[in-house]
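Protein chains in written order, with our numbering: chain A, 16 to 359; chain B, 16 to 359.
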C-alpha cells in the first residue's frame with residue numbers, strides 16, 4: 016500500500032491575543048514539565064512500523080496546544096507534587112486525546128458520497144483506526160507503568176465514557192428532535208470526561224485527599240463542557256474563518272450542537288422545515304449555510320451558547336476555591352478565560 | 016441517525032466433526048467457568064447508549080466459539096487455579112478480540128468503490144470504530160478491576176502489539192514484494208500476541224513461576240500462528256465454501272498471505288505479472304479468482320501453508336510438556352488439533 020506524502024492538518028484554533036497569553040503563561044510556568052512530557056510523547060509513539068510515527072506525528076508532534084497534558088501537569092503542581100509521575104500521565108492523556116482525534120477522522124460511505132473532506136483523506140479510514148488503536152494501547156501502557164490503581168481506575172473509566180459519548184453523538188446525529196440534555200451528555204462524554212480525568216489524576220499522584228481530587232475533577236469537568244460549547248459556537252462563527260478554519264463543518268455533517276438546537280427550538284414552522292431538510296435529510300444547497308447563519312444571528316444562538324460556556328467556566332473557577340493562591344491556581348483560572356475567549 | 020435492523024454476521028468457521036469434538040470437550044470441561052464468563056461479558060457490554068449493546072451483541076452475544084477466553088480459563092485451571100479472577104480476564108480477552116473484529120470491519124473509500132461487502136455495511140464505519148473503542152475501554156476496566164500489575168502489563172502490551180500487527184498488515188497490503196518474514200510479523204502481532212497473552216495470564220493468576228508463564232506464552236503464541244495460517248489457507252479453500260463462507264475475500268482485498276506469497280515466489284514471469292495485476296493494481300475480472308486457485312493448486316501452496324501451521328501446532332503442543340498430565344492439558348492439546356483440522 017502506498018501512502019501519499021504527509022499533508023499538514025488544519026492549524027489548531029489560533030485564539031485571540033489575550034487568550035493566547037493565558038495559555039502561554041501556563042506553558043511558561045510548566046516549561047520543564049512540558050518538555051519532559053513532549054520527550055515522553057515522542058519516545059512512546061515510536062514503532063518499527065514506520066506508518067505509526069509518521070501518522071502520529073501528523074497530529075501529535077506537529078505540536079497542538081497540549082491543553083489536556085498541561086492540565087495534568089498544572090493540577091499535580093497545584094497539589095504540591097514534586098515528583099515525575101505526572102509527566103507520563105500527561106503523555107498518556109495526550110495519547111488518549113490523539114487516538115480520539117484519529118478515530119473522529121473516520122468517515123462513513125455516506126459522508127464520502129457527500130464529498131466531505133477529512134484529515135484522514137491522506138491516509139484513509141483503516142490507517143486512522145489502527146494507528147489510533149496503537150496510541151490508545153500506548154496510553155494504557157503509560158498508565159500501567161505508573162502503577163497506581165486509582166489512576167488506572169480514573170483513566171480507564173474515562174476512556175469508556177469518552178467512547179459512550181462518541182457513540183451517543185453518532186446516534187443523535189441528523190436528528191433535530193434530540194434534546195439539550197442529550198447534547199449535554201454527548202459533550203460530557205466526548206470532551207469533559209478526559210478533562211476531568213486529566214486534572215483529577217494530578218491530585219492522585221500528589222497523594223491528596225478526596226476533597227482535592229473532587230475539586231480538580233469538578234474543575235476539569237466544567238472546563239471541558241465550556242471548551243466544547245465554545246468549539247461548537249466557533250464552528251458557525253466568522254471568528255473561525257479569521258483563524259483559517261472552515262465555517263460550517265458541523266452543519267455539513269448534520270451534527271447536532273447547541274447553536275442548532277436553540278435555533279430549531281426558537282424557529283417558526285418554516286425554519287423548522289429548513290433545519291429538518293438540511294440536517295436530517297441532509298439536502299443542502301450552496302445558500303443553506305448562509306441562511307442557517309442568518310437564523311442563528313436572528314435568534315442569538317451563538318451568544319447564548321457562549322453565555323452557557325461562561326456559566327460552566329465560572330463553575331470551573333469556583334472549584335479552585337478549595338486551593339490556596341499560587342501561580343498554578345492563577346494559571347488554571349486563566350486557562351478558563353483562554354477557553355472562553357476563543358469565541359471572541 | 017437511523018440504524019437498520021441487525022443482520023446476522025457470517026457464521027464462525029464450522030469445523031469438521033472431529034475438530035468440533037475437541038472444542039466441545041474443552042467447553043464441557045469448563046462449562047461453569049464459561050457460563051460465568053458469558054455472564055460477565057453480557058454484564059460489561061451494557062451501556063445506556065443502546066447502540067453499544069445492540070452492535071456488540073451482533074458479534075459478542077451471538078456466541079462465537081469463544082476460543083480465546085476458553086484458553087485463559089483452561090490455562091488458569093491447568094495451573095491449579097481455584098479462584099474466580101480468570102473469569103473477568105477471559106471476558107477481557109474476548110472484548111479485546113471483539114474490538115479488533117469491529118475495527119477490522121472498517122473500510123476505505125477504495126474498498127467501497129470496489130464494492131467489497133463488509134459486516135459494517137449494516138451500521139457504518141463510524142459505529143464500528145466507536146463501539147470497538149468502547150469494548151476496548153471495557154477490556155481495560157476489566158484488567159484494572161483484576162488489579163495485578165503483571166496481568167496489566169501483559170494485556171496492555173499485547174494490545175499495542177496487536178495494533179502494530181494490524182498497521183503492518185495495512186502497509187504490506189497490495190505489495191507482492193512483501194517477504195514471508197513481514198507476513199509472519201503481521202500474524203504474530205494481529206493474532207498470536209492475544210493468544211499468548213490469553214494463556215500467559217492463566218499462569219499469572221495462579222501465581223505460578225516464570226517457567227510455567229513462559230511455557231503457556233509459547234503455547235499461545237505458536238497456537239495463534241497456526242490458527243492464522245489455517246485461516247489464511249481456508250480463505251482460498253473449497254472447505255470454506257462448504258462451511259458457508261465466501262472464498263477469496265483476502266484475494267479481493269489484495270491481502271498478502273502465505274498462500275499468495277508462496278504462489279508468487281514459485282510462479283514464472285507470466286504468473287508474477289498476473290499476481291501483480293490482481294493484488295497490486297487490483298484489476299480483477301470474474302475469472303481471476305479461479306485462475307489464482309489453479310495456480311495455488313499447481314504450486315501446492317495451500318498444503319504447504321497448512322504444513323507450516325502443523326509445525327507451529329507441534330511447537331504449541333511441546334510447550335505443554337512442562338505440565339503434568341491432566342484433563343486440562345489434554346483439552347489444550349486437542350485445541351491445537353481443532354485449529355488445524357479446520358483446514359480439512
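Backbone N, C-alpha and C fix where the C-beta goes; we use that ideal spot for every residue, glycine too.
- Interface flag for residue 123/A against chain B is set, since a Cβ pair is found closer than 9 Å.
- Rounded to whole angstroms, residue 310/A and residue 163/A show a C-alpha spacing of 51 Å.
- At a beta-carbon threshold of 9 Å, none of the residues of chain B lie near residue 259/A; the nearest stands roughly 26 Å away.
- Nearest neighbour of residue 347/B by Cα position, chosen from 62/B, 83/B and 61/B, turns out to be 83/B.
- Apart from sequence neighbours up to five positions away, the residues of its chain that approach residue 219/A with a beta-carbon distance below 8 Å are 163, 165, 166, 169 and 228, ordered along the chain.
- Using beta-carbon distances, residue 296/B does not count as an interface residue toward chain A, since no partner is under 9 Å.
- Residue environment for residue 322/A: exposed (fewer than 16 other C-beta atoms within 10 angstroms of its C-beta).
- With a beta-carbon spacing of about 16 Å, residue 194/B and residue 291/B fall beyond the 8 Å limit used to define contacts.
- Between the stretch 254 to 272 of chain B and the stretch 291 to 306 of chain B there are three or more inter-stretch CB-CB distances shorter than 8 Å, so the stretches are counted as touching.
- The beta carbon of residue 177/A sits closer than 9 Å to some beta carbon of chain B.
- The Cβ atoms of residue 231/A and residue 173/A do not sit closer than 9 Å to each other.
- If you check each beta-carbon in the stretch 137 to 164 of chain A against every beta-carbon of chain B, the ones closer than 7 Å belong to 139, 140, 141, 142, 144, 145, 146, 148, 149, 151, 152, 153, 155, 156, 159, 162 and 164.
- The beta carbon of residue 161/A is closer than 7 Å to those of 100, 103 and 104 in its chain, skipping five residues each way along the sequence.
- Nearest Cα to residue 47/A within the set 92/A, 202/A and 286/A: 92/A.
- In the three-state reduction of the DSSP assignment, residue 357/B falls in the coil class.
- Take the alpha-carbon of residue 205/A and the one of residue 256/B: they are about 43 Å apart.
- Per DSSP, residue 185/A is one residue of the alpha helix (DSSP H) stretching across 164 to 187.
- Counting only the Cα atoms, residue 90/B lies some 47 Å from residue 196/A.
- Counted as a single uninterrupted DSSP element, the alpha helix (DSSP H) harbouring residue 265/B occupies residues 264 to 268.
- If you draw a straight line from the Cα of residue 143/A to the Cα of residue 113/B, it comes to about 18 Å.
- Excluding its 5 nearest sequence neighbours in each direction, residue 121/A has C-beta neighbours in its own chain below 7 Å: 135, 140, 143 and 144, listed in chain order.
- For residue 100/B, not one C-beta of chain A is nearer than 9 Å to its own C-beta.
- Judged by DSSP secondary structure, residue 75/B falls outside any alpha helix (DSSP H); it is assigned neither H nor E.
- In terms of beta-carbon proximity, residue 232/B stays away from the interface with chain A, with every pair separated by 9 Å or more.
- Judged by beta-carbon spacing, residue 327/A lies beyond the 9 Å limit of residue 185/A, meaning their Cβ atoms are not closer than that value.
- In terms of beta-carbon proximity, residue 185/A lines the interface with chain B, with at least one pair separated by less than 9 Å.
- For residue 309/B, the enclosing alpha helix (DSSP H) starts and ends at 303 to 313.
- At a cut-off of 9 Å between C-beta atoms, residue 293/A does not count as an interface residue with respect to chain B.
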